[in-house]
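Q: Shown below is the structure under consideration.
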Amino acid sequence: MVKSLFSTLVHPSIQTLAVVGLSKNAGKTTVLNAMIRELYPRISLGLASIGIDGEERDAWSGRNKPPVYVPEGVCVATAGPLLDLQPGHWEVLLATGVHTLMGEVFIARCRRANQVKLAGVNSSEGVARIKRGFQMAGGVQLTLLDGAYDRQTTASPYVTDAALVVAGASLSSSLQGVLQKMEEWFHLFTRPVCREDQLSRLGRRAIEERSIFAIVNEKVEKLPFATLLQMARNEAAIAKNWQAVAVPGALTDRMLHELMEKKAALTIVVPDATHLFLSLPAVRRFYQMGGDLQVCRNIHLLGVAVNPVSPEGFSFPPAEMKQKVAKICAPLPVIDVVREPVQEGGGGYACG
């Protein structure tokens, strides 16, 4: 049965949508291509990447990869030399001023249905500039951002308006292992936004000044430490009665363990969930000690796409995987673009 999988998820308020794989070979390019087929031409699209996507072979494994499909009329943002490989296929609209190792990134419109390698940007500023270029030169309504492997920062609300996550069998050699990792991911990516104004202000100051800030005895202090590890290992600092600490960067298991060893039960604020590099056992132990994790901004998750087939040659029962992932990620919709073919060209914006 042909379905409109994405049209009901995409709203006009979403101008940038990231497609993020939770592992290598998750299947996100297949999902991206399905999204393009359904949404275009009802919604004018621009395609961009963080990292490099659209290669014929995977840079790590050497396996064949599905190419990024570009219908006639869709805009792309990629390095000039990659457009030069296909003369006559592209109408160059704008030089963005964003530079990669492969050259300056240009906005171009596809003249004939084609495949493309997307040479991506590596900063939120670059993404913002490309989005403006798409809108100004190409009249693009929705930028689809393909996040390269190990770039879950693509889902950051400081980079994109919303994210669709792709979970593949490549996450683990067993379905139970996939489900455990999905539970971990979902817990971290749905951390609550700061519930108190004081914590919100603390988090904003940490981001703006790129420094660690803390609340001790109801007073805000800027700390002279580059990381929480340094703070945890400073006896004078850790002896204080901290209520909360805000960090501008990553929070790891190692940092959490150091704090727990010093019996530091406090609220930790990070910019968003893409800064959390934590295991569920460490997080649960931290909670049990009275700690809490909050974010300055939450990630607008549109849904989860599942891929039950691994390039390593094994697969999981598709219906079982989808059902169990849906149970973990409720109320997010869970889709399978291979076994639930999309309605090509039929998807406009959702109402409401």
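The working numbering applies: residue 71 is where the sequence shown begins, and numbers increase by one. Cβ atoms here follow ideal geometry from the backbone N, Cα and C, with glycine treated the same way.
Within its chain, find whatever has a CB closer than 7 Å to the CB of Trp255; leave out the 5 residues flanking it on each side and keep chain order.
A: Leu92.
Q: Look at the alpha carbon of Gly361 and the alpha carbon of Phe176, and state the distance between them as a whole number of angstroms.
A: Whole-angstrom Cα-Cα distance: 47 Å.
Q: Start and end of the beta strand (DSSP E) containing Gly116?
A: Counting along the chain, the beta strand (DSSP E) containing Gly116 begins and ends at 115-120.
Q: Return the chain-ordered list of same chain residues with a C-beta closer than 7 Å to the C-beta of Lys394, the five sequence neighbours on each side being excluded.
A: Within the same chain, Lys394 has close Cβ partners Leu249.
Q: For Arg179 and Ile369, I'd like the C-alpha separation in whole angstroms.
A: Each residue's Cα considered, the two are about 30 Å apart.
Q: Taking the straight line between their C-alpha atoms, what separation do you get for Arg288 and Arg271?
A: One point to set straight first is that residue 288 is Glu, not Arg, in the sequence displayed. Cα-Cα distance, rounded: 13 Å.
Q: Just checking, does the region 141-159 make contact with the region 180-190 on the three C-beta pairs under 8 Å criterion?
A: Enough Cβ pairs lie closer than 8 Å, so yes.
Q: Taking the alpha-carbon of Ser242 as reference, which of Thr100, Trp312, Pro378, Val80 has the nearest alpha-carbon?
A: That would be Pro378, whose Cα lies nearest to the Cα of Ser242.
Q: Express the C-alpha separation of Leu115 and Pro401 in angstroms, rounding to a whole number.
A: So the alpha carbons of these two residues sit roughly 27 Å apart.
Q: Grab me the residues of Gly319's own chain with a C-beta within less than 7 Å of its C-beta, minus the 5 sequence neighbours each way, in chain order.
A: The residues are His345.
Q: By how many angstroms is the C-alpha of Val286 removed from the C-alpha of Val263?
A: Approximately 21 Å, taken between the alpha carbons.
Q: Can you tell me whether Cys399 is helix, strand or coil according to DSSP?
A: Of the three classes helix, strand and coil, the one that applies to Cys399 here is helix, per DSSP.
Q: In angstroms with no decimal places, state the Cα-to-Cα distance between Thr166 and Val210.
A: If you take the alpha carbons of Thr166 and Val210, they lie about 15 Å apart.
Q: Check the C-beta distance from Ile452 over to Leu321 and give it rounded, since I have them as a contact under 8 Å.
A: As displayed, the chain neither begins before 71 nor continues past 422, which places residue 452 out of reach and without an answer.
Q: Can you tell me which of Cys145, Val140, Arg181, Tyr139 puts its alpha carbon nearest to the alpha carbon of Pro157?
A: Pro157 has its Cα closest to that of Arg181, out of Cys145, Val140, Arg181, Tyr139.
Q: Taking Cys141 as the reference, which of Arg261, Ile113, Val168 has the closest Cα?
A: For the record, residue 141 in the displayed sequence is Pro; it is not Cys. Residue Ile113 is the option with its Cα nearest to Pro141.
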